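The C-terminal position of the sequence shown is numbered 320 in the UniProt record's numbering, with every residue numbered one higher than the one before it.
Where a beta carbon is used, it is the ideal one built from N, C-alpha and C, also for glycine.
Please read all numbers here as calculations on a predicted model, not as lab measurements.
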Amino acid sequence: MDKIRTVLDLHLKHHSTLGYGLVTLLTAGGERLFSTVVFQCPCSATWNLPYGLVFLLVPALALFLLGYVLNARTWRLLTGCCARGARGARTGGHSAGLRGALVCAQLSAAAALAPLTWVSVALLGGAFYECAATGSAPLARRLCRDREPTCEAQLPLAPCHQAQASDAQDLLKELKAQSQVLGWSLIAVVIIFFLIFTSISRCLSPVSFLQLKFWKIYLEQEQQILKSQATEHATELAKENIKCFFECAHPKECNTPSTEDWQQISSLYTFNPKEQYYSMLHKYVNRKEKSHSMRSNEGDAVIPVLGFVDTPGMNTTAEL
């Protein structure tokens, strides 16, 4: 039992890192499976280029979109946005639109991990690039310059090892080398960009390292208690309604948050150094004592390093 609890604690503390690692491993494994089992270069001057590009880029696009779907912040941003947009147009929603754009940029950066992994692993393998490159007429002319006259015509057959011209077959080594250089270059660029972005976001953090750790602990506890209380409240409400239905009686009063209350605690988190709240629920409870409005105040801003505040939720994406 203690071992299970230790594993669960490790998952709760490092669920984000473990999730990214699992996505990376699954993406790399999927690419290897596709390249060895599914991918079969047609070895045609007409089809090599589109076929190779489809296997290289379309799965990356699908993974990019899937990254949006599996991110809880996507649905926090989109759910009810049309109604909020209509209200924001009447009350001046320029700042809200800017915050939404910043969150979209952060979502795009997070969603780009899997597709970049796919493209990098595919380039390191070289099969997709070789097939696409041999179907490109301009690239074929450049590669076959100062070689046998039949090289350009035979080059599309090289991925299937059917090229009769020896020069065309030898060019596969050069194409694979180009592919691997591009793959390692992409990996290096992604790592450098991630390091720079993380360093800058941490440098601009409005709170200290230990306070960030406390903040994450608070959010875990808040979500656990919220789910527990919501389950208890929903069960009590359901029991009362069913009891009244069968007994043809009037239900007793059961206080439930209004639609406006749910909308306010579900909105995107903004940080204000004058009022340091740890979540929208925390902000709602404290501001409700002063006024029922949670309109943005001067100084509210979206801070990249605090993006984890919008991630927790009572439901996982798989339950949506």
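Here the segment 123-137 makes contact with the segment 53-62; the two share three or more CB pairs at distances below 8 Å.
The residues Ala132, Gly135 and Ser136, in chain order, have a CB closer than 6 Å to that of leucine 49 in the same chain once the five nearest residues on each side in sequence are set aside. For tyrosine 68, the enclosing alpha helix (DSSP H) stretches over residues 48-69. With contacts defined as CB atoms closer than 9 Å, cysteine 151 and cysteine 144 qualify as a contacting pair. Look at phenylalanine 34 here: in three-state DSSP terms it is helix.
By a beta-carbon distance limit of 8 Å, asparagine 272 does not contact aspartate 310. Their separation comes to about 16 Å. Excluding sequence positions up to five before and after tryptophan 47, its CB lies within less than 8 Å of the CB of Gly135, all in the same chain and listed in chain order. Under a 10 Å Cβ-count criterion, glycine 100 is classified as buried, with 16 or more other Cβ atoms of the shown protein chains found around its own Cβ. Residue Trp118 holds the alpha-carbon nearest to the alpha-carbon of arginine 32 among Gly80, Glu148, Trp118 and Ala72.
The beta carbon of leucine 116 lies closer than 6 Å to those of Val190 in the same chain, with the five residues before and after it left out.
Per DSSP, tyrosine 277 is not a residue of any alpha helix (DSSP H), being assigned neither H nor E. Lysine 274 and proline 206 have their C-alpha atoms spaced approximately 11 Å apart. Residue range 137-143 is occupied by the alpha helix (DSSP H) that includes proline 138. Judged by DSSP in its simplified three-state form, alanine 301 adopts strand. DSSP, read as helix, strand or coil, puts serine 228 in helix. Straight-line spacing of the CA atoms in glycine 30 and leucine 113 works out to 15 Å.
Linking threonine 27 to asparagine 241 through their CA atoms gives a straight-line distance of about 47 Å. Cβ neighbours of lysine 176 within its own chain (closer than 7 Å, five residues either side excluded): Gly126 and Glu130. If you compare the alpha carbons of Arg76, Ala62 and Ser35 with that of methionine 280, the shortest gap goes to Arg76. By the criterion of a C-beta distance shorter than 7 Å, proline 251 is surrounded in its chain by Glu240, Asn241 and Cys244, once the five residues flanking it on both sides are discounted. The beta carbon of leucine 57 is closer than 6 Å to none in its chain, skipping five residues each way along the sequence. The closest CA to that of cysteine 43, considering only Leu102, Ala111, Gln169 and Gly307, is found on Gln169.
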